[in-house]
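For the protein sequence lines, the chains are A and B, in the order given. Its first residue numbered 1, the first sequence is counted upward by one per residue in full-length UniProt numbering. Its first residue numbered 1, the second sequence is counted upward by one per residue in full-length UniProt numbering. Comments concern the structure below.
Number of protein chains: 2
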Amino acid sequence: MTGRISIIGLGPGNILQLTPQATQVLAQVTDLVGYGPYVQRVEAPASVIRHSSDNREELARARHALEMAQAGRHVGVVSGGDAGVFGMASAVFEAVQSGPPEWRRLDIEVIPGVSAVLAAAARLGAPLGGDFCVISLSDNLKPWPLVLRRLQLAAQAEFVIALYNPRSKARPWQLAEALKYVQQYAPLKAPVAFARAIGRPDEAVRLSTLAEANAEWADMSTLVLIGCAASHLIERPNAQPWFYTSRKVEAV
Amino acid sequence: MTGRISIIGLGPGNILQLTPQATQVLAQVTDLVGYGPYVQRVEAPASVIRHSSDNREELARARHALEMAQAGRHVGVVSGGDAGVFGMASAVFEAVQSGPPEWRRLDIEVIPGVSAVLAAAARLGAPLGGDFCVISLSDNLKPWPLVLRRLQLAAQAEFVIALYNPRSKARPWQLAEALKYVQQYAPLKAPVAFARAIGRPDEAVRLSTLAEANAEWADMSTLVLIGCAASHLIERPNAQPWFYTSRKVEAV
């Protein structure tokens with residue numbers, strides 16, 4: 001019997017943003033593996049075994065999934081948003097690369113999902129209308145000076161910058177330093193959005209500018225979007241402004 | 001009567017990757033607006049009026065949608081993938097900003113979708129496992145020197161680089177120049193993927209390295225993914241290698 005791994009993006013959290021492909025595959029798995037809140041989110045028959053683990057246990061969790069697949073199970077490895085964007089997909093392939101050769105024979109598929117950055121952008125207007133980049137502000141897996149260097153180069157490239165993992169209890173200071181750093185390289189009047197838990201009942205949006213953005217407005221469920229020179233806020237009567245980035249950049 | 005605009009991402013093309021939210025909204029619209037192939041792709045009741053237009057007509061198309069919404073229609077503006085990523089969302093808000101004040105009172109919503117880059121990444125493994133950027137190689141709306149500058153800075157930032165619109169009949173030379181340019185700043189052995197029409201019946205994948213990638217392998221339906229120093233190909237028996245990027249970057 002040959003096992004299988006399906007790495008599944010669950011989308012932002014609203015069931016209407018979970019793809020039918022993900023729903024179909026979730027109905028076939030024998031086991032679910034992932035960070036607790038994501039595993040709990042899945043509706044599955046009672047026969048499905050749920051293996052929840054803590055955050056930051058990605059590699060151990062991936063190896064566990066691969067061992068179960070090798071034993072013939074069909075393991076669903078779940079992430080919020082899209083599993084390929086700071087989710088479990090990379091951890092699974094990292095485990096394969098460093099694991100026994102048999103794991104390379106396993107049937108591993110990745111089912112894409114609506115990522116947090118796409119959901120946040122849709123909620124705000126069209127902030128990703130031009131070229132953009134996506135950076136995790138966590139320095140658990142890369143040195144902080146590299147994060148700063150990437151922020152500088154991204155701002156110099158006039159990318160819109162989407163920041164994942166901007167702030168947590170264990171990493172309270174990075175976002176304030178990052179914002180201050182980007183202020184040196186991007187326009188101070190560029191719009192900045194704090195998009196929290198988009199697609200979930202407790203969603204919240206706060207708009208500001210790079211000059212005035214306050215890191216205290218973010219928590220671990222927030223995505224921060226920093227605009228560029230081509231980004232605009234469109235004021236509206238009795239409603240939050242729309243945040244969009246022009247597709248067009250004039251020659252200077 | 002107040003009109004409404006729903007800007008909808010149709011996903012990569014496979015109906016199983018269209019979100020239930022998009023399906024629900026598509027069932028409510030009175031009119032569909034978009035580039036011909038996307039408008040034709042939508043299953044809709046006969047009463048829905050389809051307004052197809054050519055590529056590169058985004059702004060005129062957006063204004064037409066806004067005029068119809070102002071006249072009380074519920075207009076679905078459709079894009080492939082996610083409408084916020086080189087799709088129609090930015091054009092609609094650009095039209096709002098430069099249009100009559102009444103347009104700011106319209107109910108405009110954006111329904112996110114699975115973008116082409118997420119679908120391509122899922123098909124390949126986990127190439128977006130670290131920080132990444134997304135660049136349109138088209139110089140219809142921005143100067144070519146800016147595209148090259150962004151490529152340079154992105155490579156120096158060690159981002160994985162996803163290229164939309166790499167090549168068309170009207171723009172046959174940009175990709176070859178871009179690849180040659182990036183070779184100066186990114187590792188020559190970095191994996192490069194040409195992912196064509198992912199999620200559609202004619203999908204095709206070609207893997208190479210930055211040193212050997214050939215622009216002739218791309219057409220207007222191709223997404224090109226250029227890896228970084230943290231990207232790897234995992235060889236497999238009797239199957240295409242997996243392309244993934246490590247989440248971890250060591251301090252140098």
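Every residue, glycine too, gets a C-beta built ideally from N, C-alpha and C. These numbers were taken from a predicted model, which means no experiment stands behind them.
Short Cβ contact (9 Å threshold) for residue i with residue j
i: B:Arg-123; j: B:Ala-195; result: yes
i: B:Val-96; j: B:Pro-12; result: no
i: A:Ile-5; j: A:Val-92; result: yes
i: B:Val-134; j: B:Val-117; result: yes
i: A:Gly-99; j: A:Arg-61; result: no
i: A:Val-39; j: A:Ser-52; result: yes
i: B:Leu-141; j: A:Val-249; result: yes
i: residue 275 of chain A; j: A:Ala-155; result: The structure shown has nothing for residue 275 of chain A, since chain A only spans 1 to 252.
i: B:Pro-145; j: B:Gly-80; result: no
i: B:Arg-63; j: A:Glu-94; result: no
Cα-Cα separation between residue i and residue j, rounded to whole angstroms
i: B:Ala-162; j: B:Ser-138; result: 13 Å
i: A:Ile-226; j: A:Leu-175; result: 12 Å
i: A:Leu-106; j: A:Gly-3; result: 7 Å
i: B:Leu-32; j: B:Ala-65; result: 9 Å
i: A:Pro-101; j: B:Ala-157; result: 33 Å
i: A:Leu-10; j: B:Arg-149; result: 36 Å
i: B:Leu-223; j: B:Val-192; result: 11 Å
i: B:Leu-153; j: A:Leu-188; result: 21 Å
i: B:Thr-245; j: B:Glu-177; result: 25 Å
i: A:Pro-172; j: A:Pro-112; result: 31 Å
i: A:Arg-73; j: A:Met-88; result: 18 Å
i: B:Ala-190; j: B:Gln-28; result: 46 Å
i: B:Gly-129; j: A:Lys-169; result: 24 Å
i: A:Tyr-164; j: B:Gly-199; result: 27 Å
i: A:Gly-84; j: A:Ser-90; result: 7 Å
i: A:Phe-243; j: A:Cys-228; result: 11 Å
i: B:Thr-209; j: B:His-232; result: 10 Å
i: A:Ile-15; j: B:Leu-151; result: 37 Å
i: B:Arg-206; j: B:Phe-86; result: 23 Å
i: A:Glu-67; j: B:Ile-49; result: 53 Å
i: A:Thr-19; j: B:Ala-197; result: 19 Å
i: A:Ala-230; j: A:Ser-136; result: 23 Å
i: B:Phe-132; j: A:Phe-132; result: 9 Å
i: A:Gln-184; j: B:Gln-184; result: 27 Å
i: A:Leu-26; j: B:Leu-26; result: 25 Å
Residue closest to residue i, alpha-carbon to alpha-carbon, out of the options
i: A:Gln-44; options: A:Val-75, A:Asp-54, A:Pro-166, A:Leu-148; result: Reading off the sequence shown, one finds Ala at residue 44 of chain A, where the question assumed Gln. Among A:Val-75, A:Asp-54, A:Pro-166, A:Leu-148, the Cα nearest to that of A:Ala-44 is on A:Val-75.
i: A:Glu-109; options: A:Val-117, A:Tyr-185, A:Ile-7, A:Pro-37; result: A:Ile-7
i: A:Val-182; options: A:Val-160, A:Glu-216, A:Val-205; result: A:Val-160
i: B:Ala-126; options: B:Pro-241, B:Ala-251, B:Ala-204; result: B:Pro-241
i: B:Asp-202; options: B:Ser-208, B:Ser-221, B:Thr-209; result: B:Ser-221
i: A:Ala-218; options: A:Arg-247, A:Met-88, A:Ala-204; result: A:Ala-204
i: B:Ala-119; options: A:Ser-136, A:Val-249, A:Asp-82; result: A:Asp-82
i: B:Pro-237; options: A:Thr-30, A:Phe-86, A:Arg-104, A:Ser-208; result: A:Arg-104
i: B:Lys-180; options: B:Pro-20, B:Ala-211, B:Ala-197, B:Thr-19; result: B:Ala-211
i: A:Pro-143; options: B:Phe-86, B:Ala-251, B:Ile-15; result: B:Ala-251
i: A:Thr-30; options: A:Val-42, A:Ala-197, A:Thr-19; result: A:Val-42
Exposure of residue i, with buried meaning 16 or more beta-carbon neighbours within 10 Å
i: B:Ala-69; result: buried
i: A:Asp-54; result: exposed
i: B:Gln-24; result: exposed
i: A:Pro-166; result: buried
i: B:Ala-22; result: buried
i: A:Ala-213; result: buried
i: A:Ala-71; result: exposed
i: B:Arg-56; result: exposed
i: B:Gln-17; result: buried
i: B:Glu-58; result: buried
i: B:Glu-216; result: exposed
Cβ of residue i within 9 Å of any chain E Cβ
i: A:Thr-245; result: Annotation note: the requested chain E is absent from the structure, which comprises protein chains A and B.
Near the ligand NAP: residue i beta-carbon under 8 Å from a heavy atom
i: A:Ser-52; result: For the ligand NAP, the structure offers nothing, since it holds no ligand at all.
Using a beta-carbon distance cut-off of less than 8 Å, what residues from the stretch 112 to 133 of chain B approach chain A? Pro-112, Gly-113, Val-114, Ser-115, Leu-118, Ala-119, Ala-121, Ala-122, Arg-123, Gly-125, Ala-126, Pro-127, Leu-128, Gly-129, Gly-130, Asp-131, Phe-132, Cys-133
Residues within the stretch 166 to 194 of chain A neighbouring chain B, beta-carbon criterion of under 9 Å: none
Interfacial residues, the stretch 38 to 51 of chain B to chain A, with Cβ spacing under 9 Å: none
May I ask you to list, following chain order, the residues of the stretch 73 to 106 of chain B that have a beta carbon less than 7 Å from some beta carbon of chain A? Asp-82, Gly-84, Val-85, Ala-89, Ser-90, Ala-91, Phe-93, Glu-94, Val-96, Gln-97, Arg-104, Arg-105
Chain B contacts from the stretch 15 to 35 of chain A (Cβ-Cβ distance under 8 Å): Ile-15, Leu-16, Gln-17, Leu-18, Thr-19, Pro-20, Gln-21, Gln-24
Give me the subset of the stretch 208 to 242 of chain A whose CB atoms are less than 7 Å from a CB atom of chain B, sorted by chain position. His-232, Ile-234, Arg-236, Pro-237, Trp-242
Chain A contacts from the stretch 146 to 163 of chain B (Cβ-Cβ distance under 8 Å): Leu-146, Arg-149, Arg-150, Leu-153, Ala-154, Gln-156, Ala-157, Glu-158, Phe-159
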